[in-house]
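Engineer: The numbering of the sequence shown is this note's numbering, which starts it at 564 and goes up by one.
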Amino acid sequence: MADTKHVYRFGKDATGVDVTEAAGKTVDEAKYIVGGKGANLAEMARIGLPVPPGFSITCQTCVAYSSAGNTWTDQAVLDEIAAAREDLEQRMGKKLGDPHDPLLVSVRSGAPFSMPGMMDTVLNLGLNDVSVNGLIAQTENPRFGWDSYRRFIQMFSNVVMGVDADLFENALTSRKLAKGVKSDTDLTADDLKDLAAQFKEIFSKHVDAKEHPEVVDGSGKVSFPQDPHLQLKLAIEAVFGSWMNGRAILYRKQNKISDDLGTAVNVQVMVFGNKGETSATGVAFTRNPADGTNERYGDFLVNAQGEDVVAGIRNTEPIGDLIKMPAFKESGEELFHIFEVLEDHYRDMMDIEFTIEQGKLWMLQTRVGKRTALSALKVAIDMQREGRISKEEAVLRVNPAQLDQLLHPQLDPSAKVDVLATGLNASPGAAVGEVVFSSDDAVKFAEQNRPCILVRWETNPDDLKGMVAAEGILTSHGGKTSHAAVIARGMGSPCVCGVEALKIDATRKEARVSGTNVVLHEGDVISIDGTTGRVVLGSVALVRPDLTGDLEVILEWADEVRLDASRGRNMGVRANADNPEDAQLSRDFGAEGIGLCRTEHMFLGERKQIIQSFILAESDGVKEHALGQLLDAQKGDFLGMFEAMNGRTVIVRLLDPPLHEFLDNPRSIDVELAHMEEQGAPKSQIAEKRDLLRRIDSMTEANPMLGLRGCRLGIVYPELIDMQIRAIASATAELKSRGLDPKPEVMVPLISTAEELIQLRSQIEKDIEEVSARYGIELDIPIGTMIELPRAALEADEVGKYADFFSFGTNDLTQTTFGFSRDDVESAFIPTYLRRKILSSNPFETLDSGVNKLVKIALEGGRAANPRIVCGVCGETGGDPESIHTYYEDGLDYVSCSPYRVPIARLTAAQAKILANGGAIKLDA
């Protein structure tokens, strides 16, 4: 590691010359070395924006430290960090801990991908019992000095030593109550000095001397560290250590960020927003991250530090009001100008953290801003129309997974609602659920399948698990850039913040609503509307929005790219649908056809008894009667499906599930028999019921998912195949006779040998010919198969000779490749495998590399056997964005997914095409 650079500096030297060191050729490259925060700080410094100087310790240093059990294995790394500290002291003309004019720094995390609030930060580092007096002397502001010191003790104790933050908050609250004041800013310098002393006592009492011998003084007592170099070393270690804290791991899991990337540490000269009424701090976005409007968006606080804004401790002011205050008019105008500079430079909506110290503006961070799907669409379209980006770049700007948000329910506009209170519309969408007051309870309710709304005074990073589990988030404090708002927008969860009417008592699990006699208790049902900020008592019906407006525009642009042969190979998008209603919905969402129609879903409800009578029939007459009923029912279904998809392909899969799925539960019959005997039912009825149980038990299989199912059903019960094909062909012929253009295709499921397909294809073709002759209409119905067993994939060069198409059923292909039973493993041990990194992702959600090898073998074999064969996928991974990129690279002709994922697949397929063919065409290209 000695030859590797571990530290990069940014900002100016003592003479005002920029000495920023580039960690990569581009910001995107640099962020994998010095993290997103470090890369963007360096970039802002490079383009001349006011950035406090500092240095970044690389992500790779974090990985090495973490891999070694959170220990330093190379003294040279510590020496390099010390040299960077000395360089920073020289640039600033100050030293950490100096008794007369101390240098103070912040120590912040900065991963390659934005993880707001998930890792740790320490501010005001460098203060001790002596240097605090130097700070007071330099600023001539005792209150500021003691406020900075008590904040540092509090933050260092919690972040670095793990002392419960509530101990300090309780002491602070007690002091305010004793003084009869409401706000921290109303406390005097003497109050804050006393609190600093009290905080140090809390530190001494709650830090374990055995765990932290480095903070044990000469008398053997734990005391707050006075050596600023030790403070810095411990803070750096804490930030590195926070990469693997529980909330950070959960956030990465939710956002599919690798655990192997590590976080950088940014050590930066402190600037202060709490130096009085000419100082402020804030968080802002260059556009509205909730809906994309091109407006100043964010919050600020006068006389505060950054954590006050994000934590929601004080209610903030809107960023647009900054220039209305005489003290901030000049710095506010400079900030708004920087908004434009950053948008022009990055060509995107940016998230900004800033501090104004006694009228001087400083930029503490910028990054591409997290946004809702609604905002992502509008920003991408507006920036294209403003001439900043091309259509292809606009298509790439929208995260396909976010489109789910736009298909999320909204409160039914026709419903009469009882609005209980209103707050800030922090993250759009609506949710209905039972009130819970803690993250643990939210998780518990979710495990019980009880939708819930997490109600908090304000959330903090430790609440992430509850925010994930809840349907929506409601807070009584905090603004639109508070922790709850930022995280909810990133997750696509509805959120209403700053509902001041809510007076929450989390201990008693209740919330009173000011101005009413309403008291909400745990389990009470409420509805929240993150689009308008409304909180409604009771349950309100939810409705799904239509595909209109900006979403329609982006999808049209995506389709232009996806279907443009000059930009590379096209990939189609179809839907999985089993009834005319879903077929029409799929078409409305832009599906080009149906990639999977599961006929077994047509046998539910009342029809289950018909197929059960066929399966259990002991006479030909009963069987034929049941088949006649099924034929009529199936034909009616297909008439509706094919008409809804007129002119578009509909792939009909023949019966696939084990027969037991169509039979009554034998254990339920056992219970029914016991009741009949107990109640003295007629012996003939009991005998009839026993006979039914006998016949059902005779169908029992030890492993039905690998038993009599799929194509095997058609071979053992050929009359089932005949019935289904006649229904398909008859519906097709009748629609053709009416002038329509039905395009059904028949899919044979679960083959493992070519001979299975050969025999069934012969039978299917014969049935089609008979129907064609009867109607006097020529029928051209392609016949293909589902590749969902490893042997079928390996034998595709033979199977392909007899198939017009392959459709990969990745659910069963994954089960049989891994030897997993999905119904069992997803709850039994997949979470453990993910946690222990045996698996990198759930293979039933995202295509596994081993399964993909079988897909590629089958593609190569099938196309060698039949160059005109059409190959697609209809398993669950067909709607997964990451998998769609893989399928495009593999060369699949289409993906098929659930109707509500069709827009996601359309967008992702376009993005996959762009990225696989040299990237987006830019305006200056």
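Ideal Cβ placement from N, Cα and C applies to all residues, glycine included. Note that the structure is a prediction, hence the values are computed from the model and not measured.
Just how far apart, CA to CA, sit V570 and A1074?
Structural biologist: Along the sequence shown, one-based indexing puts residue 570 at 7. Along the sequence shown, one-based indexing puts residue 1074 at 511. Using only the alpha carbons, I get a separation of about 49 Å.
Engineer: Do you know how far the Cα of R706 is from the Cα of A1488?
Structural biologist: Counting from one through the sequence shown, the residue named residue 1488 turns up at place 925. Counting from one through the sequence shown, the residue named residue 706 turns up at place 143. Caution is warranted here: a pLDDT of 48 is assigned to A1488, below 50, making its placement in the model unreliable, and no coordinate value can be reported.
Engineer: Out of curiosity, what's the CA-to-CA distance linking G950 and N818?
Structural biologist: By 1-based counting over the sequence shown, the position of residue 950 is 387. By 1-based counting over the sequence shown, the position of residue 818 is 255. Going from the Cα of G950 to the Cα of N818 covers about 31 Å.
Engineer: Between the C-alpha atoms of M833 and S720, what's the straight-line distance to the nearest angstrom?
Structural biologist: On the sequence shown, position 270 is the one that residue 833 refers to. On the sequence shown, position 157 is the one that residue 720 refers to. Each residue's Cα considered, the two are about 19 Å apart.
Engineer: Mind reading off the beta-carbon distance from S894 to I919? Whole number of angstroms is fine, and I expect it under 8 Å.
Structural biologist: Taking the first residue of the sequence shown as 1, we reach residue 894 at position 331. Taking the first residue of the sequence shown as 1, we reach residue 919 at position 356. Indeed they touch by this definition, with Cβ atoms about 5 Å apart.
Engineer: For L735, which of P1229, V1279, T751, V723 has the nearest alpha-carbon?
Structural biologist: Against the sequence shown, residue 735 aligns to sequence position 172. Comparing Cα positions, the closest option is T751.
Engineer: What are the partner residues of G617, as DSSP defines its beta bridges?
Structural biologist: Along the sequence shown, read from residue 1 onward, the residue named residue 617 stands at position 54. According to DSSP, G617 bridges with F573, Q831.
Engineer: Ordered along the chain, which non-local residues of its own chain (more than five positions away) have a Cβ less than 8 Å from that of P976?
Structural biologist: Locating residue 976 in the sequence shown gives position 413, counting from the first residue. Correct list, in chain order: V1106.
Engineer: Would you report the Cα separation of K1028 and L813, rounded to the nearest angstrom?
Structural biologist: For this step, residue 1028 is matched to residue 465 along the sequence shown. For this step, residue 813 is matched to residue 250 along the sequence shown. Roughly 7 Å between the two C-alpha positions.
Engineer: Along the alpha helix (DSSP H) that carries A1468, what are the first and last residues, could you check?
Structural biologist: Position 905 of the sequence shown, counted from the first residue, corresponds to residue 1468. 1465-1479 is the span of the alpha helix (DSSP H), which, as asked, contains A1468.
Engineer: Quickly, what does DSSP pair Q973 with across the bridge? List them, please.
Structural biologist: Your numbering for residue 973 matches position 410 in the sequence shown. Paired residue(s): V1106.
Engineer: Is G579 helix, strand or coil by DSSP?
Structural biologist: In the sequence shown, residue 579 corresponds to position 16, counting from 1. Note: G579 maps to coil in three-state DSSP.
Engineer: Assuming the contact rule is C-beta atoms closer than 8 Å, G855 and L937 should be a hit. Round their C-beta distance to whole Å, please.
Structural biologist: As a working note, residue 855 is residue 292 in the sequence shown. As a working note, residue 937 is residue 374 in the sequence shown. About 6 Å separates the two Cβ atoms, so the contact holds.
Engineer: Quick check on the DSSP output: the alpha helix (DSSP H) that includes P791 runs from which residue to which?
Structural biologist: Here residue 791 is taken as the residue at index 228 of the sequence shown, counted from 1. Per DSSP, P791 belongs to the alpha helix (DSSP H) from 791-805.
Engineer: Between K1364, I1346, F1371, D1367, which lies nearest to P1353 when the distance is taken from Cα to Cα?
Structural biologist: Locating residue 1353 in the sequence shown gives position 790, where the first residue counts as 1. When only C-alpha atoms are compared, the closest one is F1371.
Engineer: Suppose contacts are defined by Cβ-Cβ distances below 8 Å. Is H1040 in contact with W1020 by that definition?
Structural biologist: Start at 1 with the first residue of the sequence shown, and residue 1040 comes out as number 477. Start at 1 with the first residue of the sequence shown, and residue 1020 comes out as number 457. In contact: H1040 and W1020 (Cβ atoms closer than 8 Å).
Engineer: Who are the Cβ neighbours of L987 in its own chain at under 6 Å, not counting the five residues just before and after it?
Structural biologist: Reading the sequence shown from its first residue, position 424 is the one you call residue 987. Hits under 6 Å: K1043, C1060, G1061, G1096.
Engineer: Once you ignore the five residues that flank G932 on each side, which residues in its own chain have a CB closer than 6 Å to its CB?
Structural biologist: Your numbering for residue 932 matches position 369 in the sequence shown. Closer than 6 Å at Cβ, skipping near neighbours: F848, P852, M912, M913, D914.
Engineer: Please name the residue, chosen from F1368, T841, K941, that lies closest to E892 on a Cα-to-Cα basis.
Structural biologist: Along the sequence shown, one-based indexing puts residue 892 at 329. Here residue 892 is Lys; the residue named in the question, Glu, does not match the sequence. Checked all of F1368, T841, K941; the closest Cα to K892 is T841.
Engineer: Three-state secondary structure (DSSP) at G1199?
Structural biologist: Locating residue 1199 in the sequence shown gives position 636, where the first residue counts as 1. In the structure shown, G1199 sits in a helix (DSSP, three-state: H, G or I).
Engineer: Run through DSSP, which three-state label would P665 get?
Structural biologist: On the sequence shown, position 102 is the one that residue 665 refers to. Note: P665 maps to strand in three-state DSSP.
Engineer: Here's the rule I'm using: 16 or more other beta-carbon atoms within 10 Å means buried, otherwise exposed. How should P615 be labelled?
Structural biologist: By one-based count along the sequence shown, residue 615 stands at place 52. P615 is buried by the Cβ-count criterion.
Engineer: Run the CB neighbour count on D1092, radius 10 Å, all protein chains shown included, and call it buried at 16 or more, exposed below.
Structural biologist: In the sequence shown, residue 1092 corresponds to position 529, counting from 1. It is buried - the Cβ of D1092 has at least 16 other Cβ atoms within 10 Å.
Engineer: Could you round the C-beta distance between N1209 and D1343 to whole angstroms and report it? I think they count as a contact, below 8 Å.
Structural biologist: Looking up residue 1209 in the sequence shown gives position 646. Looking up residue 1343 in the sequence shown gives position 780. 16 Å between Cβ atoms; not a contact.
Engineer: Taking its Cβ as the centre, do 16 or more other Cβ atoms sit within 10 Å of K1066, making it buried, or is it exposed?
Structural biologist: Here residue 1066 refers to the residue found at position 503 of the sequence shown. So K1066 counts as exposed.
Engineer: Alpha carbon to alpha carbon, how far is L755 from R713?
Structural biologist: Numbered from 1 along the sequence shown, position 192 holds the residue referred to as residue 755. Numbered from 1 along the sequence shown, position 150 holds the residue referred to as residue 713. Using only the alpha carbons, I get a separation of about 7 Å.
Engineer: Enumerate in chain order the residues of its own chain whose CB-to-CB distance from L1410 is below 6 Å, with the five nearest sequence positions on each side excluded.
Structural biologist: The residue given as residue 1410 occupies position 847 in the sequence shown. These residues qualify, in order along the chain: T1440, S1446, T1449.
Engineer: Can you tell me whether E1358 is buried or exposed, with buried defined as 16 or more other CB within 10 angstroms of its CB?
Structural biologist: Working through the sequence shown from its first residue, we reach residue 1358 at position 795. Per the 10 Å Cβ criterion, buried.
Engineer: So, is N878 buried or exposed, given that buried needs 16 or more other C-beta atoms within 10 angstroms?
Structural biologist: For the purposes of this step, residue 878 is taken as residue 315 along the sequence shown, with counting starting at 1. Flag for N878 reads exposed.
Engineer: Hey, V872 and T844 are a contact pair by Cβ (cut 8 Å); roughly how many whole angstroms apart?
Structural biologist: Numbered from its first residue, the sequence shown carries residue 872 at position 309. Numbered from its first residue, the sequence shown carries residue 844 at position 281. Indeed they touch by this definition, with Cβ atoms about 6 Å apart.
Engineer: Using only alpha-carbon positions, find the residue among E1206, R1137, L1255 that is nearest to Q1172.
Structural biologist: The residue given as residue 1172 occupies position 609 in the sequence shown. Of the listed residues, the one whose Cα sits closest to Q1172 is L1255.
Engineer: DSSP three-state label for F707, please.
Structural biologist: Here the question's residue 707 lines up with position 144 in the sequence shown. If DSSP states are grouped into helix, strand and coil, F707 belongs with the helices.
Engineer: Does the distance from the C-beta atom of F1225 to that of I1174 stay below 8 Å?
Structural biologist: Along the sequence shown, read from residue 1 onward, the residue named residue 1225 stands at position 662. Along the sequence shown, read from residue 1 onward, the residue named residue 1174 stands at position 611. Their beta carbons are under 8 Å apart, which means F1225 touches I1174 by this criterion.
Engineer: Check this for me: beta carbons of I610 and H900, under 8 Å apart or not?
Structural biologist: One-based indexing of the sequence shown puts residue 610 at position 47. One-based indexing of the sequence shown puts residue 900 at position 337. Contact: no.
Engineer: Determine whether the beta carbon atoms of G599 and S669 lie at a separation below 8 Å.
Structural biologist: Here residue 599 corresponds to residue number 36 of the sequence shown, with the count starting at 1. Here residue 669 corresponds to residue number 106 of the sequence shown, with the count starting at 1. No, Cβ-Cβ distance for G599 and S669 is not below 8 Å.
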